[in-house]
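J.:
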Amino acid sequence: MSSAFTRGMSHGIPICLGYLSVSFGFGILAVRAGLSPFQSAAISATNLTSAGQLGGVEVIRHAGTLIEMILVQLTINIRYSLMALSLSQKLDKKFTFPHRLAASYGITDEIFAVCSAQKEKITPAYMYGMILVAFLGWVTGTIIGAAAGSLLPEAVTNAMGIVLYGMFLAIIVPPAKKQKSVLLAVIAAAAISILFHYVFTAVSSGFAVIISAVVASAAAAALFPVSEKEDEE
Amino acid sequence: MSTAVYIAVMAGVTYLIRMIPFAFFGRKIKSRFFRSFLYYIPYAVLSAMTLPAIFYSTGNIYTAIAGTAVAVALAFFEMPLIVVAIAAAGAAFVAGFLL
Chain W
33 MSSAFTRGMS
43 HGIPICLGYL
53 SVSFGFGILA
63 VRAGLSPFQS
73 AAISATNLTS
83 AGQLGGVEVI
93 RHAGTLIEMI
103 LVQLTINIRY
113 SLMALSLSQK
123 LDKKFTFPHR
133 LAASYGITDE
143 IFAVCSAQKE
153 KITPAYMYGM
163 ILVAFLGWVT
173 GTIIGAAAGS
183 LLPEAVTNAM
193 GIVLYGMFLA
203 IIVPPAKKQK
213 SVLLAVIAAA
223 AISILFHYVF
233 TAVSSGFAVI
243 ISAVVASAAA
253 AALFPVSEKE
263 DEE
Chain X
167 MSTAVYIAVM
177 AGVTYLIRMI
187 PFAFFGRKIK
197 SRFFRSFLYY
207 IPYAVLSAMT
217 LPAIFYSTGN
227 IYTAIAGTAV
237 AVALAFFEMP
247 LIVVAIAAAG
257 AAFVAGFLL
């Protein structure tokens, strides 16, 4: 096993633990919507995303049209296009076209976040290691949640709801502390997102995230354009 | 409609959203503004996803605030991701008994 692969696996462990708790909740919800544990696991294995899967299960539950399914997935998941584009800029030369076709399957919020926090270029082996570990956590959690639902005490499952957000904070706080520009992007995005949540409530949460992130990043890019050197970091 | 069709459509759309920009935009982006924009996107996306959602993540706003405070403090001191993540859940869990 290459060292990049094992390094990817070890960096994937916190993601895996976070996914176990979140996908556990997804499994419970999917079964409640009338899906079998096998179907729930199939959704998790083929989609590898939380919000999009929940949206999809809702469409299935209401026997919606396929057009509706496509629009829901596009709306909730379009942020992955931005992430994929961002990540495509820091790929190692080993990332040939077939590797890109394969690894793009695993671009999630968390895998993207950890990959973009790396100082060096991203290799296929590193990404595959991380995707494998994250995938195992995501699918295992879904199966356990779907099959064994409400066995854990509520106090535990409730507290586990915060795990992934805690990880997001661990990713954004250190650079925001060091760079005024990142701090601005983070505060602006949070402020706009809060506005959507409490004031402009008609906007779906997927669109709210897209608009908040795009506006905040565009503002930060206009005020603090990054130099070639910073960009490499 | 069969559930398998729904699942296939979901999976296909989600894959294409990720694959098209990743596989077909390999060359270096020249525009300084656009490169800067892409540099800030990850932080902005995570921030928008976290706030205010984190306050509703535990089913109780006070336990969530406890978890958030612990997470921000540990993140400020640059603890590893897993430590911050688990400590946030631990703080929310403990706060649940104190409140």
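Note that the protein sequences, when read in sequence, are chains W and X. In terms of the numbering used here, the first sequence is residues 33 to 265. In terms of the numbering used here, the second sequence is residues 167 to 265. Glycine included, C-beta positions come from ideal geometry on N, C-alpha and C.
1. In the DSSP output, what is L123 (chain W) paired with across the bridge?
2. 8 angstroms is my cut-off, CB to CB: does A235 (chain X) come that close to chain W?
3. Taking the alpha-carbon positions, what's the Q121 (chain W) to L204 (chain X) distance?
4. Inspect the CB distances between the stretch 42 to 60 of chain W and the stretch 159 to 169 of chain W and report whether three or more fall short of 8 angstroms.
5. Counting only C-beta atoms, is S202 (chain X) closer than 8 angstroms to chain W at any point?
6. Return the first residue and the last residue of the alpha helix (DSSP H) that P185 (chain W) is part of.
7. Give a yes or no on whether 8 angstroms exceeds the smallest Cβ distance from K21 (chain W) to chain X.
8. I'd like the span of the alpha helix (DSSP H) that includes Y222 (chain X), first residue to last.
9. Is the Cβ of S136 (chain W) closer than 8 angstroms to any Cβ of chain X?
10. Per DSSP, what kind of secondary structure is E264 (chain W) in: helix, strand or coil?
11. How far does the alpha helix (DSSP H) with I60 (chain W) in it extend, from its first residue to its last?
12. Using a Cβ-Cβ distance cut-off of 8 angstroms, determine whether L247 (chain X) contacts chain W.
13. I want to see whether chain X comes within less than 8 angstroms of T107 (chain W), judged by CB atoms only; does it?
14. Taking 8 angstroms as the threshold (beta carbon to beta carbon), is A65 (chain W) in contact with chain X?
15. Using a 10 Å radius around the Cβ and a threshold of 16 neighbouring Cβ atoms, would you call T233 (chain W) buried or exposed?
16. Would you check if the distance between the CB atom of G50 (chain W) and the CB atom of M159 (chain W) is smaller than 8 angstroms?
17. When the Cα of L123 (chain W) is compared with those of X:F242, X:A214, X:I173, X:F191, which residue comes out closest?
18. What's the gap between the Cα of G138 (chain W) and the Cα of Q105 (chain W)?
19. How is Q211 (chain W) classed by DSSP in three states: helix, strand or coil?
20. Residues of the stretch 209 to 220 of chain X with a CB closer than 8 angstroms to any CB of chain W: list them in chain order, please.
21. Assuming A62 (chain W) and V91 (chain W) form a contact by the criterion Cβ under 8 angstroms, report the distance between their Cβ atoms to the nearest whole angstrom.
22. Restricting to runs no shorter than 4 residues, where is the alpha helix (DSSP H) found entirely within the stretch 177 to 246 of chain X?
23. Looking at the unbroken alpha helix (DSSP H) that takes in A134 (chain W), where does it start and where does it end?
24. Taking 8 angstroms as the threshold (C-beta atoms), are F228 (chain W) and S244 (chain W) in contact?
25. Is DSSP giving P257 (chain W) helix, strand or coil here?
26. Is the beta carbon of A241 (chain X) sitting closer than 8 angstroms to the one on A202 (chain W)?
27. Taking CB distances under 8 angstroms as the criterion, tell me whether K196 (chain X) reaches chain W.
28. Do S82 (chain W) and P208 (chain X) come within 8 angstroms of each other at the CB atom, strictly closer than that value?
29. Quick one: does S168 (chain X) have its CB under 8 angstroms from some CB of chain W?
30. Is A253 (chain W) close to chain X? Criterion is C-beta to C-beta, closer than 8 angstroms.
31. What does A74 (chain W) touch in chain X if you count any residue whose Cβ is under 7 angstroms from its own?
T.: In short:
1. The residue given as residue 123 (chain W) occupies position 91 in the first sequence. W:I154, per the DSSP bridge assignment.
2. Here residue 235 (chain X) is taken as the residue at index 69 of the second sequence, counted from 1. Closer than 8 angstroms: no.
3. Against the first sequence, residue 121 (chain W) aligns to sequence position 89. Against the second sequence, residue 204 (chain X) aligns to sequence position 38. Computed Cα separation, rounded: 9 angstroms.
4. yes
5. As a working note, residue 202 (chain X) is residue 36 in the second sequence. Yes, S202 (chain X) counts as interfacial toward chain W.
6. Mapped onto the first sequence, residue 185 (chain W) falls at position 153. Where P185 (chain W) is concerned, there is no enclosing alpha helix (DSSP H), given that its DSSP letter is neither H nor E.
7. The shown model of chain W, from 33 to 265, leaves out residue 21 (chain W), and the question about it has no answer.
8. If you number the second sequence from 1, residue 222 (chain X) lands on position 56. No alpha helix (DSSP H) contains Y222 (chain X), which DSSP labels as neither H nor E.
9. In the first sequence, residue 136 (chain W) corresponds to position 104, counting from 1. So, interface residue.
10. As a working mapping, residue 264 (chain W) is identified with position 232 in the first sequence. For E264 (chain W), the predicted structure reports a pLDDT of 48, less than 50, and the residue's modelled location is therefore unreliable. A value from the coordinates is still provided. In the structure shown, E264 (chain W) sits in a helix (DSSP, three-state: H, G or I).
11. Looking up residue 60 (chain W) in the first sequence gives position 28. It spans 35 to 64 - the alpha helix (DSSP H) in which I60 (chain W) sits, taken as one unbroken run.
12. Position 81 of the second sequence holds residue 247 (chain X). At least one chain W Cβ lies under 8 angstroms of L247 (chain X).
13. For the purposes of this step, residue 107 (chain W) is identified with residue 75 of the first sequence, where counting begins at 1. Not closer than 8 angstroms to any Cβ of chain X, the Cβ of T107 (chain W) fails to qualify, so no.
14. Reading the first sequence from its first residue, position 33 is the one you call residue 65 (chain W). Chain X, which has no Cβ nearer than 8 angstroms to the Cβ of A65 (chain W), makes this no.
15. By 1-based counting over the first sequence, the position of residue 233 (chain W) is 201. Burial call: exposed.
16. As a position in the first sequence, residue 50 (chain W) is number 18, starting the count at 1. As a position in the first sequence, residue 159 (chain W) is number 127, starting the count at 1. Result no, Cβ atoms of G50 (chain W) and M159 (chain W) do not sit closer than 8 angstroms.
17. One-based indexing of the first sequence puts residue 123 (chain W) at position 91. Selected option, being the one with the closest Cα: X:F191.
18. As a working mapping, residue 138 (chain W) is identified with position 106 in the first sequence. As a working mapping, residue 105 (chain W) is identified with position 73 in the first sequence. If I take the Cα positions, the gap works out to 16 angstroms.
19. Taking the first sequence and counting its residues from 1, one reaches residue 211 (chain W) at position 179. Q211 (chain W) falls in the coil class under three-state DSSP.
20. Y209, A210, V211, L212, S213, A214, M215, T216, L217, P218, A219, I220
21. Residue 62 (chain W) sits at position 30 when you count from the first residue of the first sequence. Residue 91 (chain W) sits at position 59 when you count from the first residue of the first sequence. Not really, about 12 angstroms apart at Cβ, beyond 8 angstroms.
22. 198 to 216, 227 to 242
23. By one-based count along the first sequence, residue 134 (chain W) stands at place 102. Start and end: 129 to 135.
24. Indexing the first sequence from 1 puts residue 244 (chain W) at position 212. Indexing the first sequence from 1 puts residue 228 (chain W) at position 196. It is a contact, given that the beta carbons lie within the stated cut-off.
25. Taking the first residue of the first sequence as 1, we reach residue 257 (chain W) at position 225. Coil.
26. Reading the second sequence from its first residue, position 75 is the one you call residue 241 (chain X). Reading the first sequence from its first residue, position 170 is the one you call residue 202 (chain W). Result yes, Cβ atoms of A241 (chain X) and A202 (chain W) sit closer than 8 angstroms.
27. Taking the first residue of the second sequence as position 1, residue 196 (chain X) is located at position 30. No, K196 (chain X) lies away from the interface with chain W (no Cβ there is under 8 angstroms from its Cβ).
28. Reading the second sequence from its first residue, position 42 is the one you call residue 208 (chain X). Reading the first sequence from its first residue, position 50 is the one you call residue 82 (chain W). Against a cut-off of 8 angstroms, the Cβ pair of S82 (chain W) and P208 (chain X) comes out as no contact.
29. Position 2 of the second sequence, counted from the first residue, corresponds to residue 168 (chain X). It does not: the Cβ of S168 (chain X) has no partner Cβ on chain W nearer than 8 angstroms.
30. As a first step, residue 253 (chain W) must be located in the first sequence, where it is residue number 221. Chain X contact via Cβ: present.
31. Looking up residue 74 (chain W) in the first sequence gives position 42. Ordered by position in chain X, the residues that pass the 7 angstroms Cβ test against A74 (chain W) are I173.
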